[in-house]
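Take the sequence shown: its position 240, counting from 1, is numbered 614 in the working numbering, and each next residue is one higher. See structure below.
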Amino acid sequence: AARAGALIADPEFVQFHPTAIAGPRDPAPLVTEALRGEGAILVNKAGQRFMAAIHADAELAPRDIVARAIFREIAAGRGAFLDARPALGDRFASAFPTVYENCMALGIDPARQAIPVAPAAHYHMGGIHVDARGRSSVEGLWACGEVASTGMHGANRLASNSLLEAIVFGARIAADIDGAVPEGRAASHIAPPVLGSAAATDAPFVSQLRQIMTAHVGVEREGEGLAHALTEIARLERAAGPANLFGNIATTAKLIAASAFAREESRGGHYRTDFAEPRAAFRHRTFVTLKEAERIAEAAIENAHAPQNEAQASA
Ligand SMILES: Cc1cc2nc3c(=O)[nH]c(=O)nc-3n(C[C@H](O)[C@H](O)[C@H](O)COP(=O)(O)OP(=O)(O)OC[C@H]3O[C@@H](n4cnc5c(N)ncnc54)[C@H](O)[C@@H]3O)c2cc1C
Numbered sequence: 375a376a377r378a379g380a381l382i383a384d385p386e387f388v389q390f391h392p393t394a395i396a397g398p399r400d401p402a403p404l405v406t407e408a409l410r411g412e413g414a415i416l417v418n419k420a421g422q423r424f425m426a427a428i429h430a431d432a433e434l435a436p437r438d439i440v441a442r443a444i445f446r447e448i449a450a451g452r453g454a455f456l457d458a459r460p461a462l463g464d465r466f467a468s469a470f471p472t473v474y475e476n477c478m479a480l481g482i483d484p485a486r487q488a489i490p491v492a493p494a495a496h497y498h499m500g501g502i503h504v505d506a507r508g509r510s511s512v513e514g515l516w517a518c519g520e521v522a523s524t525g526m527h528g529a530n531r532l533a534s535n536s537l538l539e540a541i542v543f544g545a546r547i548a549a550d551i552d553g554a555v556p557e558g559r560a561a562s563h564i565a566p567p568v569l570g571s572a573a574a575t576d577a578p579f580v581s582q583l584r585q586i587m588t589a590h591v592g593v594e595r596e597g598e599g600l601a602h603a604l605t606e607i608a609r610l611e612r613a614a615g616p617a618n619l620f621g622n623i624a625t626t627a628k629l630i631a632a633s634a635f636a637r638e639e640s641r642g643g644h645y646r647t648d649f650a651e652p653r654a655a656f657r658h659r660t661f662v663t664l665k666e667a668e669r670i671a672e673a674a675i676e677n678a679h680a681p682q683n684e685a686q687a688s689a
């Protein structure tokens, strides 16, 4: 859609789930937030409860605040653990059987041990901009589900709203499409790459991109890191070539990183350490085309490699 010129909305807004089980499984299984609702607490490896000092609602603070607090404990080397022993103890297996099974499969008994946790990418609030009928800005292209940005989620998202959105917009789009697709005009200018066969050759590029996105375009971001990420995304795109699945992933990464670079404030799921507060000038949604995102990326890369900045970096 982005390559066909569709308007993309709010790509910088990505929600991180605060508590995935930190371990070797990919994707990491989630530890439901209902556990914190039941009284499980977050502690570091010294056993210190850290959320109470950060937010009045402690463990029940909004997702982005809890995700950042956990991210910082881990970054500081203190680790983060969800301790359900006092709240649940032996009731754990019967009250939360799926989490229990996932923990046990990783060798963690949550009735006896605190669960090591880390934030995980969970939901993309941004996506293809659609109207109330699910129509994108490209004629003949509707978008529904996580790939769309209806505006329903704002800068953050409440749990389970995506199910509601899929049901409501799925029905609206079906009704709107009914008889509306012009003969022979079925979006022929959009050529999605073939999936599957390209996956194995993509793997090393995907792995590098994940590291870059986690380090610089994740829970916390700042200008220099975002410019570095944009440089690396461009390098990987050149190395991988355009005609594969990685091309789609890199395009999405570029839209997220460029819009995160341009939004010099913090709001909802988007947090900039160099602009830690919301700013009035940015009190609006982002609407961007791929071409505009590429211009933002090129300017950021050029500026990052300007002689005075390189001198500053080496100093
Ligand atoms: C761990 C986890 C727990 C969640 N829990 C909840 C919850 O409790 N409640 C809730 O409401 N939401 C929840 N969400 C969010 C919700 O699950 C997702 O938003 C939703 O499943 C997205 O559905 P979708 O059909 O839009 O996209 P997807 O399920 O991602 O489907 C997109 C499909 O398109 C395919 N595809 C991609 N590119 C191409 C291409 N180029 N050509 C052809 N096919 C392509 C993909 O392979 C995939 O099958 C959760 C998300 C996660 C990660």
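Backbone N, C-alpha and C fix where the C-beta goes; we use that ideal spot for every residue, glycine too.
Handout entry: Unbroken alpha helix (DSSP H) run spanning residue 643, endpoints
Key = On the sequence shown, position 269 is the one that residue 643 refers to. Unbroken run through residue 643: none, as it is neither H nor E.
Problem - Distance between residue 494 and residue 406 (C-alpha atoms, nearest Å) - result: Along the sequence shown, read from residue 1 onward, the residue named residue 406 stands at position 32. Along the sequence shown, read from residue 1 onward, the residue named residue 494 stands at position 120. Cα to Cα, the separation comes out at about 12 Å.
Exercise for the section: Please indicate yes or no: does the CB of residue 407 lie closer than 6 Å to some heavy atom of ligand 1? Expected result: Along the sequence shown, one-based indexing puts residue 407 at 33. No; taking the cut-off as 6 Å, the Cβ of residue 407 has no heavy atom of ligand 1 nearer than that.
Practice task
Drop a sphere of 10 angstroms on the beta-carbon of residue 679, count the other beta-carbons inside from all chains shown, and report buried for 16 or more, exposed for fewer.
Solution key: Taking the first residue of the sequence shown as position 1, residue 679 is located at position 305. Exposed, by the Cβ-count rule.
Problem - Cβ distance (whole Å) where residue 457 is taken to contact residue 417 below 8 Å - result: For this step, residue 457 is matched to residue 83 along the sequence shown. For this step, residue 417 is matched to residue 43 along the sequence shown. So it is a contact: roughly 5 Å between Cβ atoms.
Exercise for the section: Pull up the CB-CB distance for residue 447 and residue 424, whole angstroms please, since I reckon it's below 8 Å. Expected result: Your numbering for residue 447 matches position 73 in the sequence shown. Your numbering for residue 424 matches position 50 in the sequence shown. At roughly 6 Å, the Cβ-Cβ gap stays under 8 Å, so residue 447 and residue 424 are in contact.
Handout entry: Distance between beta carbons of residue 522 and residue 502, contact taken as under 8 Å
Key = In the sequence shown, the residue the question calls residue 502 occupies position 128. In the sequence shown, the residue the question calls residue 522 occupies position 148. That pair is a contact at about 5 Å.
Problem - residue 578 (DSSP reduced to helix, strand or coil) - result: In the sequence shown, residue 578 corresponds to position 204, counting from 1. Helix at residue 578.
Exercise for the section: List the residues that DSSP assigns as beta-bridge partners of residue 693. Expected result: Examination of residue 693 is not possible in this model, given that the chain is present from 375 through 689 alone.
Practice task
Give a single yes or no on whether residue 515 has its beta carbon closer than 6 Å to a heavy atom of ligand 1.
Solution key: Here residue 515 corresponds to residue number 141 of the sequence shown, with the count starting at 1. No - ligand 1 has no heavy atom lying nearer than 6 Å to the Cβ of residue 515.
Problem - Member of 379, 378, 439 whose CA lies at the smallest distance from the CA of residue 651 - result: Numbered from 1 along the sequence shown, position 277 holds the residue referred to as residue 651. The option with the nearest alpha carbon to residue 651 is 439.
Exercise for the section: Please find out if some non-hydrogen atom of ligand 1 comes closer than 6 Å to the beta-carbon of residue 520. Expected result: Residue mapping note: residue 520 aligns to position 146 of the sequence shown, counting from 1. Checking every heavy atom of ligand 1 against the Cβ of residue 520, one is found closer than 6 Å.
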